[in-house]
Structure formats: C-alpha cells, structure tokens
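Below is one structure; the comments refer to it alone.
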Ligand code: NAD
C-alpha cells in the first residue's frame with residue numbers, strides 16, 4: 002500500500018470545486034499527479050478548459066450579490082472556521098503537501114500548513130478592522146471613501162508553497178466580499194482540493210469560492226482572459242507574469258503580480274557569526290531552495306570570505322537529503338522531473354561559465370521508496386562573475402553562489418546587479434550600515450539579521466521584474482476593493 006493510500010484511502014481523482022460541489026471537468030480529460038520523491042502517480046487531476054471556467058464564473062457571478070452584502074461578522078466567522086478546519090486536519094494537509102511537492106513533511110507541518118491557516122485567520126480579523134478614510138475640507142465639505150468589493154476575481158498560484166500562497170490570495174479576496182475563481186499549480190493540486198472540503202464544512206456559500214485544476218496555458222489562460230474577471234492576483238514566474246499582463250492590461254483588469262527573484266544574502270565581517278551561518282543555511286536550502294525569498298546569491302565581505310566558505314560548505318555537507326516522510330530530513334525532492342532537469346542544466350551552465358563546484362553539483366540516488374525520486378545534492382558554487390547567467394537568472398533549486406565584496410558600495414552594486422528585486426538579507430552589527438543598506442538595496446523586502454520573518458500586516462512584493470503591486474495587510478484589502486470618494490458639501 003502506498004503512503005498516499007495509507008493516509009487517504011484508495012487512490013482518488015481530484016475534481017474541480019464549482020458552486021459548492023465537486024465536479025469532473027466537462028471534457029472528462031485528466032492527467033497524472035506525480036509524487037516527485039518516488040516518481041509514482043498520486044492521483045489524477047482535471048485537465049480543465051474554458052467550459053469549466055464558464056461554469057465557475059457563472060457560479061461566482063450568481064453568488065456575488067449576496068456575498069458582498071454578507072456582514073463582516075459573518076465573513077469573519079466563515080474564514081475563521083476555514084482556518085480552524087485546516088488546523089484540525091494538520092496532519093492530512095501536511096502529508097498531502099509533502100507528497101505533492103517533495104518537501105519534508107516536517108516543514109509542511111510546521112510552516113506551510115500553519116501559515117495557510119494563519120492567512121485565513123488574519124484576513125478574517127482584517128475585515129473586522131478594515132476602515133476607510135475621510136478628508137475634511139474645512140468649513141466647506143467632507144469627503145469619505147467607500148471601499149467596494151470588485152466582483153469576481155482570479156487567484157492563480159505556483160507550486161512551491163502551494164496552500165500557503167493560494168490562501169494568501171483567496172483569504173483577502175473573500176474577506177473583502179469578492180467571489181473567487183482560483184487555480185493552484187497543475188504540479189501541486191492536492192491541498193487546494195482538500196481546501197474545498199473545508200470550505201463546504203465551514204459554511205462558505207456555494208459559488209463564493211470556485212477552484213479549477215489544470216494547466217496554465219489552458220484553464221489559467223481562459224480564467225485571466227475572461228471579461229467578467231475584474232482583478233487577477235498572480236504569483237509565479239516572471240515570463241508568465243509578462244504574458245498575463247499583456248492579456249489583462251488591455252482589458253483594464255486590476256493586476257497584482259508576485260514574480261521571480263535572485264535575492265542577495267549579504268554578510269559583513271561584523272555579522273553575528275553563528276546566527277548568520279545557521280540562517281544562511283536555511284535561506285539557501287529550505288524547501289530545496291524553491292522559495293521565492295531564498296538567498297541564492299551569498300555575498301561575503303572579503304576579509305571573512307575563506308573562513309565563511311569553509312564552515313558553510315562543512316555545514317552543507319551535514320544536511321540530510323532524503324525521504325520527505327522522514328522527520329529528520331532537511332532537504333527533500335525537487336518538485337518535478339522537468340524542474341529537476343532544469344536545475345541540473347543550470348549547474349552545467351554554471352560550470353561552463355567558469356564556476357567551481359565546492360559541494361554538490363549532481364543528482365542523488367536514494368534507496369527504497371525514493372529510488373526513482375528527483376533529488377539534487379545541495380550545491381555551492383564560487384568563482385563566477387556577477388554578470389553571468391548563473392548570477393543573474395533564477396534557478397529556483399538547491400543551488401547557491403558565493404561572491405566576495407570589498408566594501409558597502411561594492412556589495413550594493415553586486416546586490417542590485419540583476420533585473421530582479423524581491424528580497425535581500427543583510428548581516429551586520431552596525432546599525433547605521435544596516436540602515437544605509439536597507440535604503441540602497443533595490444528590493445521589496447529587506448531583512449536585517451534575520452530571514453523569512455513575516456508580519457502579515459506588512460506590504461509584500463517586489464520591484465523591477467519581481468513584480469507589480471503589493472500583497473499583505475491593508476495592501477491586499479485595498480487591492481481587492483475599489484475606492485469610491487463621496488463629497489458632501491456642508
Ligand atoms: P509559473 O509561472 O509556471 O506558474 C504559476 C501559475 O500560473 C500556475 O498555476 C500555472 O498553471 C499558471 N499559469 C501558467 N501559465 C499561465 C497563463 N498563460 N495564464 C494563466 N495562468 C498561467 O510558475 P511556477 O513554476 O509554478 O512557480 C515558480 C515561480 O514562481 C518562480 O519564478 C518563483 O520565483 C515564483 N514565485 C514568486 C513568489 C513571490 O511572492 N514573488 C512566490 C513564490 C513563487
């Protein structure tokens with residue numbers, strides 16, 4: 002019996018969630034969902050198309066008039082119940098996320114799933130506190146701003162943090178009173194499917210959230226092109242973002258794009274050594290390096306370069322790569338066969354660009370259940386110029402490069418030397434230097450002496466080709482509402 006069968010019973014077919022019911026795609030087409038740790042089939046997934054999109058949008062359109070009038074208290078109650086429902090099924094969700102992605106089940110259980118529940122909880126409370134503004138023109142008039150939900154909106158998410166990023170979009174959209182047509186990645190559909198069941202039990206009215214499965218170029222493209230979709234919240238690759246913008250902009254849809262990154266992790270000689278070292282290990286290889294916020298370029302002040310490199314490589318050698326179901330595994334499988342080959346090609350490219358592989362640089366063969374899985378040894382590369390492809394293009398795998406720098410100015414110049422600008426991390430004990438760096442780095446998020454520390458109230462997003470718009474806190478509530486100014490003359 003497979004691990005999946007042990008957890009969920011006999012193998013199942015995932016279905017779309019439309020108008021509160023689980024339904025097969027109209028065309029009856031489906032494809033296999035593969036567990037990347039074992040290369041075995043987990044279940045089948047609907048290969049949906051524009052016929053399913055039409056049904057989902059009809060259901061969402063019909064549900065909108067009533068949902069937008071639902072009281073904030075009622076929306077709070079339902080979103081809170083969804084959050085509770087996820088946590089009540091923590092083990093099941095964590096297992097599903099791990100099977101789908103190849104990430105360690107321990108990571109899914111401690112980070113992905115609890116944070117997904119927190120997203121619903123956070124935006125449940127946000128709607129209770131969201132307030133609009135008023136502007137008085139002294140003795141003349143008062144302006145007040147109404148915030149109206151948009152209607153039917155699209156939420157499209159990637160495979161790296163499946164439920165975490167799916168819920169990060171859906172929760173504020175629903176809280177603000179919109180109806181949603183959502184699509185998870187075709188590579189990782191399981192937890193989005195399970196979410197439908199939780200929404201049913203939490204009493205979410207039919208049609209308010211519709212979840213369609215399938216390929217981006219097919220069902221994804223049909224969702225974003227549909228004239229009734231008023232706004233698109235998308236997280237994924239930069240080139241997909243470009244395609245979506247080219248279709249959405251001429252239709253004047255509201256657009257939030259959270260895209261790729263090539264984040265610098267800058268370590269000054271005055272950094273607190275142990276914390277910088279331990280956190281750099283995480284920011285390099287957590288989730289197999291497949292987090293948009295991972296620091297794939299490690300910039301190290303020259304005076305500590307050799308010492309840092311030696312200790313870092315020794316620690317990388319101690320990381321346990323293996324079966325994601327094993328609680329002691331640090332690094333699991335990469336997400337798919339395609340992505341595995343893409344990462345290995347990137348490593349070959351790094352070698353051809355003159356990179357020296359300090360550790361890793363090759364696939365790993367496991368024993369037992371994971372013999373056929375897609376595992377890559379955590380890889381550290383040095384000796385590459387800043388402007389080469391390896392140092393400027395996203396790899397999105399367990400691969401980091403090391404680069405020395407002489408001073409602050411050079412660190413900034415290297416850090417800002419890509420087309421991306423999602424996040425940056427700085428390690429220093431000098432507060433003034435930290436402020437200067439934060440001010441000069443081209444990034445949407447700068448972490449000083451930490452990484453991945455998130456307060457859900459803060460704006461989240463990137464600059465340059467890492468995205469357009471901001472998510473999180475009031476930014477998300479504003480994105481999912483339209484402002485209407487009313488002027489009353491005294
Ligand atoms: P992707 O762009 O291939 O796919 C993302 C989603 O878009 C999937 O659901 C996919 O089916 C859908 N899609 C693809 N083509 C589409 C189209 N033409 N129309 C509509 N939908 C379409 O990205 P991915 O490979 O799933 O994810 C990895 C990428 O996501 C990386 O570049 C990573 O940096 C980025 N990412 C960014 C953030 C962020 O917050 N900035 C977070 C996580 C991941």
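Numbering (the numbering used here), first residue to last: 2 to 491. Ideal Cβ positions, reconstructed from N, Cα and C, are used throughout, including at glycine.
### Query
Can you give the beta carbon distance from residue 104 to residue 364, rounded, assuming they're within the 8 angstroms contact cut?
Locating residue 104 in the chain shown gives position 103, counting from the first residue. Locating residue 364 in the chain shown gives position 363, counting from the first residue. Between residue 364 and residue 104 the Cβ distance is about 18 angstroms, and since that is not below 8 angstroms, they are no contact.
### Query
If you draw a straight line from the C-alpha of residue 200 to the C-alpha of residue 79, how long is it?
As a first step, residue 200 is located in the chain shown; it is residue number 199 there, counting from the start. As a first step, residue 79 is located in the chain shown; it is residue number 78 there, counting from the start. Near 8 angstroms, if we compare the C-alpha coordinates of residue 79 and residue 200.
### Query
How about residue 385 and residue 413: are their beta carbons less than 8 angstroms apart?
Working through the chain shown from its first residue, we reach residue 385 at position 384. Working through the chain shown from its first residue, we reach residue 413 at position 412. Against a cut-off of 8 angstroms, the Cβ pair of residue 413 and residue 385 comes out as no contact.
### Nearest candidate by alpha-carbon position, reference residue 275, set 480, 288, 313
Position 274 of the chain shown, counted from the first residue, corresponds to residue 275. For residue 275, the nearest C-alpha among the options comes from 313.
### 3-residue-minimum beta strand (DSSP E) runs that sit fully inside the segment 361-398, ordered along the chain
380-383
### Query
Any heavy atom of the ligand NAD within a distance shorter than 7 angstroms of the CB on residue 297?
Here residue 297 refers to the residue found at position 296 when the chain shown is read from its first residue. No - the ligand NAD has no heavy atom lying nearer than 7 angstroms to the Cβ of residue 297.
### Message
Please list the terminal residues of the continuous beta strand (DSSP E) segment that includes residue 142.
### Response
The residue you call residue 142 lines up with position 141 of the chain shown. Element bounds for residue 142: 142-150.
### Task
Decide if the segment 155-170 is in contact with the segment 295-315; the criterion is three or more beta carbon pairs, one per stretch, under 8 angstroms apart.
no
### Message
For residue 126 and residue 91, what's the separation of their Cα atoms in angstroms?
### Response
Sequence index remark: in the chain shown, residue 126 carries index 125 (1-based). Sequence index remark: in the chain shown, residue 91 carries index 90 (1-based). Approximately 21 angstroms between the Cα atoms of the pair.
### Query
Anyone know if the C-beta pair for residue 64 and residue 206 falls short of 8 angstroms?
Numbered from 1 along the chain shown, position 63 holds the residue referred to as residue 64. Numbered from 1 along the chain shown, position 205 holds the residue referred to as residue 206. Yes.
#### Entry: Close Cβ partners of residue 118 (< 6 angstroms) along its chain, the five nearest in sequence each way excluded
As a position in the chain shown, residue 118 is number 117, starting the count at 1. So the qualifying residues of the chain are 84, 87, 88.
### Message
Could you check whether the Cβ of residue 123 sits closer than 7 angstroms to any heavy atom belonging to the ligand NAD?
### Response
For this step, residue 123 is matched to residue 122 along the chain shown. Every heavy atom of the ligand NAD is 7 angstroms or more from the Cβ of residue 123, so no.
### Query
Below 8 angstroms between beta carbons: does that hold for residue 20 and residue 60?
Along the chain shown, one-based indexing puts residue 20 at 19. Along the chain shown, one-based indexing puts residue 60 at 59. Cβ distance < 8 angstroms, so residue 20 and residue 60 count as in contact.
### Message
Can you determine whether any heavy atom of the ligand NAD sits closer than 7 angstroms to the C-beta of residue 237, and answer yes or no?
### Response
To locate residue 237, count along the chain shown from 1; it is residue 236. Result yes, Cβ under 7 angstroms from the ligand NAD.
### Message
I believe residue 332 touches residue 379 by the beta-carbon criterion, under 8 angstroms. Please report the beta-carbon distance rounded to the nearest angstrom.
### Response
The residue you call residue 332 lines up with position 331 of the chain shown. The residue you call residue 379 lines up with position 378 of the chain shown. Distance from residue 332 to residue 379 at the Cβ level is roughly 6 angstroms; contact confirmed, criterion being Cβ atoms closer than 8 angstroms.
### Message
What residue range does the beta strand (DSSP E) around residue 19 cover?
### Response
Position 18 of the chain shown, counting from 1, holds the residue named residue 19. Note, residue 19: beta strand (DSSP E), 17-19.
### Message
Runs of 4 residues minimum, wholly inside the segment 212-298: which ones carry the alpha helix (DSSP H) assignment?
### Response
Listed in chain order, the complete alpha helix (DSSP H) runs (minimum 4 residues) inside the segment 212-298 are 222-226, 239-249, 274-286.
### Message
Alpha carbons only, please: which of 357, 236, 197 is nearest the one belonging to residue 461?
### Response
The count along the chain shown starts at 1 and reaches residue 461 at position 460. The shortest Cα separation from residue 461 among 357, 236, 197 belongs to 236.
### Task
Express the C-alpha separation of residue 144 and residue 81 in angstroms, rounding to a whole number.
Along the chain shown, read from residue 1 onward, the residue named residue 81 stands at position 80. Along the chain shown, read from residue 1 onward, the residue named residue 144 stands at position 143. C-alpha separation (whole angstroms): 33 angstroms.
### Task
Specify the secondary structure class of residue 160 as computed by DSSP and reduced to three states.
Residue numbering aside, residue 160 sits at position 159 when the chain shown is read from its first letter. DSSP places residue 160 in coil when its eight states are reduced to three.
### Query
Per DSSP, which one or two residues make a beta bridge with residue 136?
The residue you call residue 136 lines up with position 135 of the chain shown. Answer by DSSP bridge pairing, in chain order: 144.
### Any non-hydrogen atom of the ligand NAD closer than 7 angstroms to residue 261 Cβ
Taking the chain shown and counting its residues from 1, one reaches residue 261 at position 260. Result yes, Cβ under 7 angstroms from the ligand NAD.
#### Entry: Cβ-based neighbour list, residue 136, same chain, cut-off 7 angstroms, excluding 5 preceding and 5 following
Against the chain shown, residue 136 aligns to sequence position 135. Hits under 7 angstroms: 144.
### Query
What separation, rounded to the nearest whole angstrom, lies between the Cα atoms of residue 18 and residue 362?
On the chain shown, residue 18 is found 17 positions in, with the first residue counted as 1. On the chain shown, residue 362 is found 361 positions in, with the first residue counted as 1. Going from the Cα of residue 18 to the Cα of residue 362 covers about 42 angstroms.
### Task
With residue 47 as the anchor, note down where its beta strand (DSSP E) starts and where it stops.
Taking the first residue of the chain shown as 1, we reach residue 47 at position 46. Per DSSP, residue 47 is one residue of the beta strand (DSSP E) stretching across 41-47.
### Query
With residue 184 and residue 220 assumed to form a contact (beta carbons below 8 angstroms), what rounded beta-carbon distance in angstroms separates them?
The residue you call residue 184 lines up with position 183 of the chain shown. The residue you call residue 220 lines up with position 219 of the chain shown. By a beta-carbon distance limit of 8 angstroms, residue 184 contacts residue 220. Their separation comes to about 6 angstroms.
#### Entry: Inter-stretch contact at 8 angstroms, needing at least 3 Cβ pairs: the segment 404-419 / the segment 64-74
no
### Extent of the continuous beta strand (DSSP E) to which residue 483 belongs
Mapped onto the chain shown, residue 483 falls at position 482. Unbroken beta strand (DSSP E) run through residue 483: 482-490.
### Query
Which residues does DSSP pair with residue 210 in a beta bridge?
Your numbering for residue 210 matches position 209 in the chain shown. Bridge partners of residue 210: 181.
### Query
Could you give the residue range of the alpha helix (DSSP H) that holds residue 80?
Counting from 1 along the chain shown, the entry for residue 80 is found at position 79. 73-89 is the span of the alpha helix (DSSP H), which, as asked, contains residue 80.
### Query
Residues in its own chain within less than 6 angstroms of residue 418 by CB, not counting five upstream and five downstream?
Taking the chain shown and counting its residues from 1, the one referred to as residue 418 is at position 417. Answer for residue 418: 387, listed in chain order.
#### Entry: Euclidean distance between Cα positions of residue 156 and residue 260
By one-based count along the chain shown, residue 156 stands at place 155. By one-based count along the chain shown, residue 260 stands at place 259. For residue 156 and residue 260, the distance between alpha carbons rounds to 14 angstroms.
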